[in-house]
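Colleague: A single structure is presented below for examination.
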DNA sequence: TTGTACGCGTTATCAA
DNA sequence: TTGATAACGCGTACAA
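Residue numbers (the working numbering), protein chains in the order written: chain B, 1 to 362; chain E, 363 to 724.
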């Protein structure tokens, strides 16, 4: 009954008793055709269940209508949501998304980019370890393929959908100062390979200096250390003087909360913790997590929109940073030593409202 | 300097002073070539930064090395993790993943499938509302394109990576019975369009009957209702007699926890709640969520593996269900009325250990 | 209004 | 060992 091979426009033309060019014109509404042949072609196409081959089309038109997307991992909801936003935006403009994740591996980043390039993607959405040094990313540029980064602070050569990591981190320093903290730490995963993490630290350190806080201690840990509360506790107990820790993402902040009791410290009385990202979970926790709230889906959407203008031949200018919000939470209070009569450890509000980056810049 | 157009094998052949066929053989190591020409070709290719066009290849070989993936949403970590698992597995075998999400919309499901088909995907990984009635899915079958479902209970025509929704739900009924609950409810989102939800309800209801519990009340809600605690509380307060609720996923279960206080009921003393999926968050909550724990990443991986055998021409047999675990949590205890001296509402352990599907079947 | 023929980048065939 | 050529499915220039 049904032929098990692909139905091509040639088959349709044959069945409709016309040439392929005519069938193409009818099916694409791209040229003249008599009402009668139009009917015959459309009928045949419908009957046979004809669908265009995007491959043949891509080869001919040099447009694959496909965008490549490279991210560290879909297991992190921050990235998954960004991809979700980008996908929706692109699909509504006829583009499909080729998605691959690197598991935070530098070499895999470039392997994936090379593969995506060979797939003839029309554009690229990228979050990776080292965009500046990536050969395949430079090749994309050389081939005039629009690229938009996500999550990265803007780089000289590449537009990026982002929140200002430095400004957001500075706000954390401000909050710590408001609550009376003086000795703080910055807890980072993959510090050397993540410009996002480094920029957060830089912004944090600069603002600490501006506020006359002690220079923050940088505490780098591995994934294993992060996932093992006892080990994390040990690492943290090397810094008994710190009263507040800024974790470079929410998962790390939550890990600190779990590790704190193991070193005999209570959050927030003995140790305040602030995260980054604002994942939904943070709200639902026993002690709601104080954090910088971002909007990953909007970020993906913005990146996609910029890419679309690039795809249409427009100029891709540097993107304005997306807004972030400092979200107050039960993991941040004044340090016990500094306020001896505050034994309960309940979060005390500082005299200023939570900061929102919207307040500063549109 | 650099030409802004794609470098093809023709360019390489020209530069190496040989024919395209020879260049192809060298670059693919697919045929004979003298050491000397081999060197010239490889050198030219490297110099010019040549990469094969997967499009040209796909057209010629009728293999796109691309797999289409349709899921409801990447914003749900359960699906995102499954995609992550599948992507890793497929990439290690040279396949790329074309990902699209439908936002749980029936029509979009089919639109996306049609698009993926036109992209000449070699295989399909699918979670959708109504696989049985999908025309494009049937077309995939007609074109001999391997398809593996994810999350769906096995259907007559399609293999599916899954946990047994009915068995898992039955285990929840068993737990409720152990704790002395008699009047239970099943809270569902998109009940009519989700076979997963329906199968959970069926399994739950059947086991309730087997255990002489009252038939569970089916409570269907909309997304809006789920996201607004006050409304959800109102909906739930229509069922004051229920002492335990089985929510069709963890997010719903968490929503119930948030809504309960609004109707003056405490979890778990006045109302026990059990979820489904076992998302990481549940563990970290104030009251850890009792739930059915599943392994979405393994599910994606399994689906990908099956698909790979199909891609290699092997037979895709029905898949054994993946293991699930009942995870005890602080949201489940005995009903207050049934154990009047248990005012604290602390979870009391029943006399049997938590169930794991591994115990029953390999 | 219609159809023929070419080229997109690749690989397989086949003759040299 | 090599290279010319056909074919994959499509859109389009061009001729009819």
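Backbone N, C-alpha and C define an ideal beta-carbon position, used for all residues, glycine too.
Indicate whether at least one CB of chain B lies closer than 8 Å to the CB of residue 364 (chain E).
Modeller: Confidence at residue 364 (chain E) is low in this model, with a pLDDT of 42, below 50, so its placement is unreliable and no value can be given for it.
Colleague: Taking 7 Å as the limit between beta carbons, can you name the residues of its chain near residue 440 (chain E), skipping five residues before and five after?
Modeller: 639, 641, 658
Colleague: Just to check, is the beta-carbon of residue 333 (chain B) closer than 7 Å to a non-hydrogen atom of the ligand ADP?
Modeller: In the structure on display, the ligand ADP does not appear, and there are no ligands present to speak of.
Colleague: Can you tell me whether DSSP reads residue 312 (chain B) as helix, strand or coil?
Modeller: coil
Colleague: Could you name the residues of the same chain whose beta carbon sits closer than 6 Å to that of residue 725 (chain E), not counting the 5 residues immediately before and after it, in chain order?
Modeller: In the structure as shown, chain E starts at 363 and stops at 724, and residue 725 (chain E) therefore has no counterpart that could be examined.
Colleague: Count the other CB atoms, across all protein chains shown, that sit within 10 Å of the CB of residue 373 (chain B); report buried if there are 16 or more and exposed otherwise.
Modeller: Chain B is shown from 1 up to 362; residue 373 (chain B) falls before or after that span and cannot be answered.
Colleague: Would you please verify whether the beta carbon of residue 665 (chain E) is less than 8 Å from any beta carbon of chain B?
Modeller: Chain B has no Cβ within less than 8 Å of the Cβ of residue 665 (chain E).
Colleague: Would you grab the beta carbon distance between residue 74 (chain B) and residue 442 (chain E) for me? Rounded to a whole angstrom, and I think it's under 8 Å.
Modeller: 5 Å
Colleague: Where does residue 255 (chain B) sit, in a helix, a strand or coil, going by DSSP?
Modeller: In the three-state DSSP reduction, residue 255 (chain B) falls in the helix class (H, G or I).
Colleague: Going along chain B, which residues have a C-beta under 7 Å from residue 501 (chain E)?
Modeller: 49
Colleague: Starting from residue 277 (chain B), follow its DSSP beta bridges and name the residues at the other end.
Modeller: B:293
Colleague: Taking C-beta pairs closer than 7 Å, name the residues in chain E that residue 55 (chain B) reaches, listed in chain order.
Modeller: Result: 417, 420, 421, 426, 482.
Colleague: From the DSSP output, in three-state form, read off residue 581 (chain E) for me.
Modeller: strand
Colleague: When the Cβ atoms of the region 93-111 of chain B are set against those of the region 464-473 of chain E, are three or more pairs found closer than 8 Å?
Modeller: no
Colleague: If the cut-off is 7 Å on Cβ atoms, which residues from the region 63-87 of chain B count as contacting chain E, listed in chain order?
Modeller: 64, 73, 74, 75, 77, 80, 81, 83, 84, 87
Colleague: For a cutoff of 8 Å on Cβ pairs, would you count residue 30 (chain B) as touching chain E?
Modeller: Chain E, which has no Cβ nearer than 8 Å to the Cβ of residue 30 (chain B), makes this no.
Colleague: Taking residue 566 (chain E) and residue 534 (chain E) to be in contact with their CB atoms under 8 Å, please state how far apart those CB atoms are, rounded to whole angstroms.
Modeller: 6 Å
Colleague: Please tell me whether residue 463 (chain E) has its Cβ less than 8 Å away from any Cβ of chain B.
Modeller: yes
Colleague: Compare the C-beta of residue 703 (chain E) with all C-beta atoms of chain B and state if any pair is closer than 8 Å.
Modeller: For residue 703 (chain E), the predicted model reports a pLDDT of 42, less than 50, meaning its position is unreliable; a value from the coordinates is still stated below. Not flagged as an interface residue toward chain B: residue 703 (chain E), since no C-beta distance is shorter than 8 Å.
Colleague: Check for me: the beta strand (DSSP E) holding residue 485 (chain E) runs from which residue to which?
Modeller: 485-488
Colleague: State the DSSP-derived secondary structure class of residue 586 (chain E), mapped to helix, strand or coil.
Modeller: Residue 586 (chain E): helix per DSSP, three-state reduction.
Colleague: Do the region 160-169 of chain B and the region 213-228 of chain B meet, that is, are 3 or more Cβ pairs less than 8 Å apart?
Modeller: no
Colleague: Hey, how far is the Cα of residue 100 (chain B) from the Cα of residue 83 (chain B)?
Modeller: 11 Å
Colleague: Closer than 8 Å is the cut-off here; do at least three beta carbon pairs connect the region 318-327 of chain B with the region 253-273 of chain B?
Modeller: Too few Cβ pairs lie closer than 8 Å, so no.
Colleague: To the nearest angstrom, how far is it from the Cα of residue 664 (chain E) to the Cα of residue 216 (chain B)?
Modeller: The straight-line gap separating the alpha-carbon atoms of residue 664 (chain E) and residue 216 (chain B) is approximately 45 Å.
Colleague: For residue 523 (chain E), I'd like the list of residues in its chain whose CB is within less than 6 Å of its CB, leaving aside the five on either flank, ordered along the chain.
Modeller: 512, 661, 664, 665, 681
Colleague: With contact counted as at least three CB pairs below 8 Å, one residue from each stretch, are the region 370-386 of chain E and the region 325-336 of chain B in contact?
Modeller: Short answer: they don't touch.
Colleague: Where residue 197 (chain B) and residue 190 (chain B) are concerned, what is the direct C-alpha to C-alpha distance, given to the nearest angstrom?
Modeller: 8 Å
Colleague: Taking residue 87 (chain B) as the reference, give the member of B:211, B:70, B:206 with the closest Cα.
Modeller: B:70
Colleague: Work out the CA separation of residue 47 (chain B) and residue 509 (chain E) for me, nearest whole Å.
Modeller: Whole-angstrom Cα-Cα distance: 24 Å.
Colleague: According to DSSP, is residue 344 (chain B) helix, strand or coil?
Modeller: In this prediction, residue 344 (chain B) scores a pLDDT of 42, lower than 50, which makes its location untrustworthy; the coordinate-derived value is nonetheless stated afterwards. The answer is coil: DSSP assigns residue 344 (chain B) none of H, G, I, E or B.
Colleague: Just to confirm, are residue 649 (chain E) and residue 619 (chain E) a CB contact at a threshold of 8 Å?
Modeller: Yes, Cβ-Cβ distance for residue 649 (chain E) and residue 619 (chain E) is below 8 Å.
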